[in-house]
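**Student:** These protein sequence lines are chains A and B, in that order. Each residue of the first sequence is one higher than the last, beginning at 8 in the working numbering. Each residue of the second sequence is one higher than the last, beginning at 291 in the working numbering. Even for Gly, the Cβ is constructed at its ideal location relative to N, Cα and C. After the structure tokens below, expect a handful of questions from me.
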Amino acid sequence: MTGKSAVPRTILLLAPLLLFLGLAYVVPFLGVIRWSVTLPEPGLGQYRAVLTDPLVQSVFIRTLRICLIVTAAALVMAYAIAYVWVRGTPTQRMLAEFCILVPFWISVLTRAFGWLALLSNRGLINTWLQAAGIISEPLALARNEFGVIVGMTHFLIPFAVFPIASAMRSIDERVLLAARGMGASRSRIFWSVFVPLTYGGLIGAALIVFVFALGFFVTPAILGGGRSVMVAELVYLRIFQSPDWGLGAAISVVLVIFIGILLALMRRFIKPAHLVG
Amino acid sequence: MQSSRPGPILLIIATAVALFLLMPLLAVVPVSFTPQRFLSMPNGVLSLRHYQALIDNPAWGQSVLLSLRIGILSSAIATVLATMFGLGIWMFQPRFSALLIGFVLLPLIVPPVVSAMTLYFLMTTLSAFNSFIGYDTWIGVALAHAVMITPFAVVLILVALFQVDRRIDLAARGLGANLTTRAFRIIIPNIKFGIATAALLSFVLSWEEIGVTLFITSVNAITLPRLMWMGLRDNIDPAIAAISVLLIIVTAVILALRIFIERRGASETK
Chain A
8 MTGKSAVPRT ILLLAPLLLF LGLAYVVPFL GVIRWSVTLP EPGLGQYRAV LTDPLVQSVF
68 IRTLRICLIV TAAALVMAYA IAYVWVRGTP TQRMLAEFCI LVPFWISVLT RAFGWLALLS
128 NRGLINTWLQ AAGIISEPLA LARNEFGVIV GMTHFLIPFA VFPIASAMRS IDERVLLAAR
188 GMGASRSRIF WSVFVPLTYG GLIGAALIVF VFALGFFVTP AILGGGRSVM VAELVYLRIF
248 QSPDWGLGAA ISVVLVIFIG ILLALMRRFI KPAHLVG
Chain B
291 MQSSRPGPIL LIIATAVALF LLMPLLAVVP VSFTPQRFLS MPNGVLSLRH YQALIDNPAW
351 GQSVLLSLRI GILSSAIATV LATMFGLGIW MFQPRFSALL IGFVLLPLIV PPVVSAMTLY
411 FLMTTLSAFN SFIGYDTWIG VALAHAVMIT PFAVVLILVA LFQVDRRIDL AARGLGANLT
471 TRAFRIIIPN IKFGIATAAL LSFVLSWEEI GVTLFITSVN AITLPRLMWM GLRDNIDPAI
531 AAISVLLIIV TAVILALRIF IERRGASETK
């Protein structure tokens, strides 16, 4: 639609970012791939290790299990609060928005620390339960898989809310009125009309949460306390604690391939605008 | 409309979720006043010693200044690059728009730990050639942050652009406005609130960034999150609670500012 003279100008506007990311991101990623096949020795040994090493296997399985639980929990919780955010009274909406956006904007470290303050042995919950005489020994709530799941779910709920709320907003009010006019009960309208109309948003949300959870690193490292290591933390440990850059690089490459396949399969459910509050 | 207001069961669940979301933020407050040296609840006695520690230990102040500097530089880089890119996509609608947008969103989609490793490779490579931009330097951190936050800025600016009425631009073109005039006098004024939000979110994301920072810094470029991380790993320092309370307050203020900007933006464009 634009004349030929526009082509160089297009490039002038687009090139800086493309060049920046090309040089600062794509090229170094090629370097990571090279690490994965050259360290400590040339060959595909590290990939064989990723696929066969029992330690790596158990970390992958734990990661998948945690990601699935977190995704399910985050979706259910996000759905409830998104519903109030979209269809509540004006006051309810404002409160819901506040509760969604404030945690979203607060640093992941502060949020993980908040969970430690609640869940650790001398934290709020154990202190109260002991003071009330309900338990004598503190419950193990943090520094284990439970703490990781709670902290990650908390972190990811806002990311699930945005696509779900967007799907809810685009529902045609007349469809719901029609269902009511035909005599459907409130719960029937909700389960048979409303929820099915938001499947697109739910799948998009599930995908975002799952992909983010998979590569998540800070919350598990703090709330897992080194006991329930997930795959991203394993990469970190392989780089900085027991230097095995090749294995860290190979795991990274495998992760990228896995996510690439997942997103390619599900690409029609992804809307980039959903990623920011 | 009335029929689809949330019912009592849903409201109860949503309230529980809201409490779940706010709980960890509230829990930080009592811990920050504990008189003990370790993470604990204040037992009748409140103490400001951990706030005092933030002032007494110069490391905190230095890391705040460093994070501010890095945040401003990386947000500036991200906002400028994302605005240019957004304008290019919107004004010329190039043939492979979707592919190009997908490409620039890569750092957002790729797992953070992989990005961290990639940027670690970049920074150690750069360090071999110079001592200003590279591993454990503040400019290096700012560049790495720019890579990570640019996708967010691109999304916000594209969302703002797609709300602009194309006919305004067509009219300007019809009246003979050249490219620079169209960009600076027509389009940018129409998306200035989108650009401001992008700059703000970019800054906040850089200010909070830890995943990548952890990989590319060691002893010199200690940003605020990096310093917090060091106090969080083994023996938890309650000074983290004090700094967290302050951060929560700052975030609430910034959020209010953003809502204010958006309200004004909405009332001015209508």
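Can you give, in chain order, each stretch of the alpha helix (DSSP H) that sits fully within the stretch 147-231 of chain A and has at least 4 residues?
**Tutor:** For the stretch 147-231 of chain A, whole alpha helix (DSSP H) runs of length 4 or above, ordered along the chain, are 152-176, 180-188, 206-221 and 225-231.
**Student:** Anything in chain A within Cβ reach of residue 404 of chain B, meaning under 7 angstroms, just list it in chain order.
**Tutor:** In chain order: 222, 259, 262 and 263.
**Student:** Determine, using beta carbons only, whether residue 221 of chain A and residue 332 of chain B come nearer to each other than 7 angstroms.
**Tutor:** No, the pair does not count as a contact, with Cβ atoms beyond the cut-off.
**Student:** How would you write the range of the alpha helix (DSSP H) that residue 33 of chain A sits in, first residue to last?
**Tutor:** Residue 33 of chain A -> no alpha helix (DSSP H), and no H or E assigned at all.
**Student:** Taking contact to mean at least 3 C-beta pairs separated by less than 8 angstroms, is the stretch 503-522 of chain B in contact with the stretch 403-415 of chain B?
**Tutor:** At 8 angstroms Cβ cutoff, the stretches touch.
**Student:** Go ahead and label residue 64 of chain A buried or exposed: buried means 16 or more other beta carbons lie within 10 angstroms of its beta carbon, across all protein chains shown.
**Tutor:** So residue 64 of chain A counts as exposed.
**Student:** Just mark residue 307 of chain B as buried or exposed, buried being the case when its beta carbon has 16 or more other beta carbons within 10 Å.
**Tutor:** Residue 307 of chain B comes out buried.
**Student:** So that I know if they touch, is there some Cβ in chain A lying closer than 7 angstroms to that of residue 292 of chain B?
**Tutor:** Because the pLDDT at residue 292 of chain B is just 48, under 50, the model does not fix this residue reliably, and the point stays unresolved.
**Student:** Does DSSP classify residue 134 of chain A as helix, strand or coil?
**Tutor:** Residue state, collapsed to three classes: helix.
**Student:** Would you identify the three-state DSSP class for residue 9 of chain A, choosing helix, strand or coil?
**Tutor:** Note on residue 9 of chain A: pLDDT 46, under 50, position unreliable in the model; no value is reported.
**Student:** Drop a sphere of 10 angstroms on the beta-carbon of residue 61 of chain A, count the other beta-carbons inside from all chains shown, and report buried for 16 or more, exposed for fewer.
**Tutor:** Exposed, by the Cβ-count rule.
**Student:** I'd like to know whether the C-beta atoms of residue 89 of chain A and residue 168 of chain A end up nearer to each other than 7 angstroms.
**Tutor:** In this structure, residue 168 of chain A lies closer than 7 angstroms to residue 89 of chain A by Cβ.
**Student:** Under 7 angstroms, Cβ to Cβ, is there at least one residue of chain B near residue 211 of chain A?
**Tutor:** No, because no Cβ of chain B sits closer than 7 angstroms to the Cβ of residue 211 of chain A.
**Student:** Flag this pair as yes or no: are the beta carbons of residue 369 of chain B and residue 443 of chain B separated by less than 7 angstroms?
**Tutor:** In this structure, residue 443 of chain B lies closer than 7 angstroms to residue 369 of chain B by Cβ.
**Student:** In chain B, which residues lie less than 8 angstroms from residue 127 of chain A when you measure between Cβ atoms?
**Tutor:** By Cβ distance, chain B contributes 329 and 526.
**Student:** Examine chain A for any beta-carbon lying closer than 7 angstroms to the beta-carbon of residue 492 of chain B, and answer yes or no.
**Tutor:** No - not a single Cβ of chain A is within 7 angstroms of the one on residue 492 of chain B.
**Student:** Which residues in the same chain as residue 160 of chain A place their Cβ atom closer than 6 angstroms to its Cβ, once the five residues preceding and following it in sequence are excluded?
**Tutor:** For residue 160 of chain A, where only same-chain residues beyond five positions count, the Cβ hits under 6 angstroms are 77, 80 and 81.
**Student:** I want to verify the contact list: residues of chain B whose CB lies under 8 angstroms from the CB of residue 59 of chain A, in sequence order.
**Tutor:** The premise fails here: residue 59 of chain A is roughly 22 angstroms from chain B at the closest Cβ pair, so nothing lies under 8 angstroms.
**Student:** Could you tell me whether the stretch 332-347 of chain B touches the stretch 135-145 of chain A, using the rule of 3 or more Cβ pairs below 8 angstroms?
**Tutor:** The stretch 332-347 of chain B vs the stretch 135-145 of chain A: no contact.
**Student:** Looking at C-alpha atoms only, which residue of A/50, A/87 and A/109 is the closest neighbour of residue 546 of chain B?
**Tutor:** Checking every option, the nearest Cα to that of residue 546 of chain B belongs to A/109.
**Student:** Does residue 82 of chain A get closer than 7 angstroms to chain B when you measure Cβ to Cβ?
**Tutor:** Residue 82 of chain A does not count as touching chain B.
**Student:** List the residues of chain B that residue 35 of chain A touches, going by C-beta distances under 8 angstroms, in chain order.
**Tutor:** Within 8 angstroms Cβ-Cβ: 408, 409, 411, 412 and 415.
**Student:** I'd like the ranges of any alpha helix (DSSP H) spanning at least 4 consecutive residues and lying wholly in the stretch 492-523 of chain B.
**Tutor:** Qualifying alpha helix (DSSP H) stretches, in chain order: 501-506 and 514-522.
**Student:** In whole angstroms, what separates the C-alpha of residue 388 of chain B from that of residue 335 of chain B?
**Tutor:** One C-alpha to the other measures close to 59 angstroms.
**Student:** Can you list the residues of chain A that residue 537 of chain B reaches, using a CB-CB cut of under 8 angstroms?
**Tutor:** Residues of chain A passing the Cβ test: 113, 114 and 117.
**Student:** May I have a chain-ordered list of the alpha helix (DSSP H) segments no shorter than 4 residues that lie completely inside the stretch 373-445 of chain B?
**Tutor:** Fully enclosed alpha helix (DSSP H) runs of 4 or longer: 387-394, 396-399 and 402-417.
**Student:** Nearest to residue 534 of chain B by CA position, among A/113, A/263 and A/126, is which residue?
**Tutor:** Cα-wise, what sits closest to residue 534 of chain B is A/113.
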